[in-house]
Amino acid sequence: TYDLVRMNSTGLKEDGKKTGYFTTTKRGKSMKLKGEKLEKKMFDPRAFNKETGKCGMHVTFKEGKVK
Numbered sequence: 049t050y051d052l053v054r055m056n057s058t059g060l061k062e063d064g065k066k067t068g069y070f071t072t073t074k075r076g077k078s079m080k081l082k083g084e085k086l087e088k089k090m091f092d093p094r095a096f097n098k099e100t101g102k103c104g105m106h107v108t109f110k111e112g113k114v115k
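For any residue, its number in our numbering is found by taking its place in the sequence shown, counting from 1, and adding 48.
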């Protein structure tokens, strides 16, 4: 049995504001009982990369609530 969780991006746009990009993923119920928050490194197409001057980079996604 799995729960659906929302993964919110920690990436920033060029002006320094959050991108608002998110994705959903499944998580096992046994992990929820431990009280751990899920964190994954995934690609955010809206995040601004200062090194290349372009949008799109891998950033950390943190677990949030599914609305």
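For every residue, glycine included, the Cβ atom is placed at its ideal position computed from N, Cα and C.
Source: prediction; values computed, not measured.
- Residue environment for Ser-57: buried (at least 16 other C-beta atoms within 10 angstroms of its C-beta).
- Inclusion of Glu-84 and Lys-110 in the CB contact set at 8 angstroms is not warranted, their separation being larger than that value.
- Going by DSSP, Lys-102 is part of the beta strand (DSSP E) stretching over 102-112.
- DSSP, reduced to helix, strand and coil, places Lys-77 within a helical segment of the structure shown.
- C-alpha of Thr-49 to C-alpha of Ser-78: approximately 9 angstroms in a straight line.
- Under the DSSP assignment, Leu-52 falls in the beta strand (DSSP E) whose first and last residues are 50-57.
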